[in-house]
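Scroll down for the structure; my scribbles are underneath it.
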Amino acid sequence: MDDVTRRFRDANPYRDGRLPASAEPSLASILDRERPPAPQSLGPPSKSRRRLPVLLSGAAALAVLLIASMMAVLQPSPKAMAVAPQPLPTRPATQTISDLRAEVGMFEAASGEPSRLGSSLEGWFFIFDVDNPSSGFVQPQEREVIANADGSGVSRLFAGTPVDAFGTALEPLPEGASQPGSMLEELDWGAGELFGGFPDAPPESPELMRDYLNKYLHLSGLPTDVSYGAAEYAQAAVSLLQTWTLSPAAERALIATVLSGEGAEVSGSTTDRAGRPGLLIELGRGIHQAEGVSEQLVIDTKSWKILAAETIMTGENLEAMLPPGSVISYTLWR
Numbered sequence: 006m007d008d009v010t011r012r013f014r015d016a017n018p019y020r021d022g023r024l025p026a027s028a029e030p031s032l033a034s035i036l037d038r039e040r041p042p043a044p045q046s047l048g049p050p051s052k053s054r055r056r057l058p059v060l061l062s063g064a065a066a067l068a069v070l071l072i073a074s075m076m077a078v079l080q081p082s083p084k085a086m087a088v089a090p091q092p093l094p095t096r097p098a099t100q101t102i103s104d105l106r107a108e109v110g111m112f113e114a115a116s117g118e119p120s121r122l123g124s125s126l127e128g129w130f131f132i133f134d135v136d137n138p139s140s141g142f143v144q145p146q147e148r149e150v151i152a153n154a155d156g157s158g159v160s161r162l163f164a165g166t167p168v169d170a171f172g173t174a175l176e177p178l179p180e181g182a183s184q185p186g187s188m189l190e191e192l193d194w195g196a197g198e199l200f201g202g203f204p205d206a207p208p209e210s211p212e213l214m215r216d217y218l219n220k221y222l223h224l225s226g227l228p229t230d231v232s233y234g235a236a237e238y239a240q241a242a243v244s245l246l247q248t249w250t251l252s253p254a255a256e257r258a259l260i261a262t263v264l265s266g267e268g269a270e271v272s273g274s275t276t277d278r279a280g281r282p283g284l285l286i287e288l289g290r291g292i293h294q295a296e297g298v299s300e301q302l303v304i305d306t307k308s309w310k311i312l313a314a315e316t317i318m319t320g321e322n323l324e325a326m327l328p329p330g331s332v333i334s335y336t337l338w339r
């Protein structure tokens, strides 16, 4: 059993329970697929310490989440989450994807802090419990990763405020919800364990950023003989932003790389779940990603920052009772 397969199985909160019958063949196919060996710098941590869930490859983790409904990037507790957030609203936008590609290429990033290892984000990920398929609230989680130069550090996971499908805070606290602000997990990491698939500092030019993300996607098991599209680069971008806090120039280069990929389209202007205006970019379905799934990013084109990432179902999921258009995950960077 290779390292990626072992990490998938160890991260599965339902490995001792029952999956939907239709998920069994797909799950077996994923777990049996050969992966290239992980590089030496990404070797497994000691047995007494679990690897950060946020540092799993975006494409692989999402495939397992959708097919088996069994794991989440932010490692939420295994509660039924039948209620899903409403999709972000959109308004007509005047900018096209061609406009954005030209504008980001001309944008000169303001000087600022250099990229640093560590991150702070908020996220929610759909978990479906076949034995208890109903829940009346959404509770995001907040994760902070404080890192040292050698890749050691600490990660902390906190409960967010429970909301309904429209984002309205729920009071009193719903039954089964965690107290907002309470710490759910704290983990210490040894030297090198926080680097994930990004041991080197992110580059600040679009050309070097493309090569940087290609290397990560290769190590994640994606084929090396194809041209990656916007969805693949977006998945790599999300994983990178879960690992590093980028300098303005590096984030501009990251956005330029994502927008350069085939499949990127402007869906419209929107307001993200933190109340910030931006453009909603539709990225489509990536290689090795489950059928019926689409990736989205919310981008601030004034500062050229990625504000949020969303994953949307484009097909119906009968077991989870989710209609097309349902949000199955989102991540915010503040």
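Quick note: the sequence shown uses the working numbering, first residue 6, plus one each step. Glycine included, C-beta positions come from ideal geometry on N, C-alpha and C.
Going straight from the alpha carbon of D230 to that of F131, what length do you get? 33 Å
Confirm, please, whether the CB-CB distance from G117 to P228 is below 7 Å. no
Can you tell me whether S210 is helix, strand or coil according to DSSP? coil
Where R121 and P211 are concerned, what is the direct C-alpha to C-alpha distance, given to the nearest angstrom? 18 Å
My output table needs one value for L93: the three-state DSSP class, helix, strand or coil. coil
Continuous alpha helix (DSSP H) stretch holding E147: start and end: No alpha helix (DSSP H) holds E147; the beta strand (DSSP E) holding it covers Q146 to A152.
Indicate whether the contact test is met: 3 or more Cβ pairs, each with one atom in the stretch 299-313 and one in the stretch 268-288, closer than 8 Å. yes
How far does the alpha helix (DSSP H) with V263 in it extend, from its first residue to its last? P253 to S265
Out of G195, A314 and H223, point me to the one whose CA is closest to I260's CA. A314
DSSP bridge partner residues for W194 (one or two, in chain order): G158
Indicate the three-state DSSP secondary structure (helix, strand or coil) for R215 in the structure shown. helix
Going by the CB atoms, is the gap between K220 and E256 shorter than 7 Å? no
Quick one: what's D305 bridged to in DSSP? K310
With a CB to CB cut of under 6 Å and the five nearest residues on each side skipped, what residues in its chain are close to F200? G156
Assign R215 to one of two classes, buried (16 or more other C-beta atoms within 10 Å of its C-beta) or exposed (fewer than that). buried
Going straight from the alpha carbon of L327 to that of G273, what length do you get? 24 Å
For the stretch 174-190 against the stretch 105-112, are there 3 or more C-beta pairs whose distance is under 8 Å? no
Based on Cα-Cα distance, which residue from S331, S334 and D277 lies nearest to L312? D277
To which residues does DSSP link W129 through a beta bridge? Y335
Count the other C-beta atoms from every protein chain shown that fall within 10 angstroms of the C-beta of A26, then say buried if there are 16 or more, exposed otherwise. Legend: pLDDT at A26 = 46, less than 50; position of this residue unreliable, value from coordinates given subsequently. Burial call: exposed.
Closest by CA to A206, which one among L337, L245, R339 and I151? L245
With DSSP as the reference, label S232 as helix, strand or coil. coil
Taking a contact to mean a Cβ-Cβ separation below 7 Å, would you say L218 touches A241 in this structure? yes
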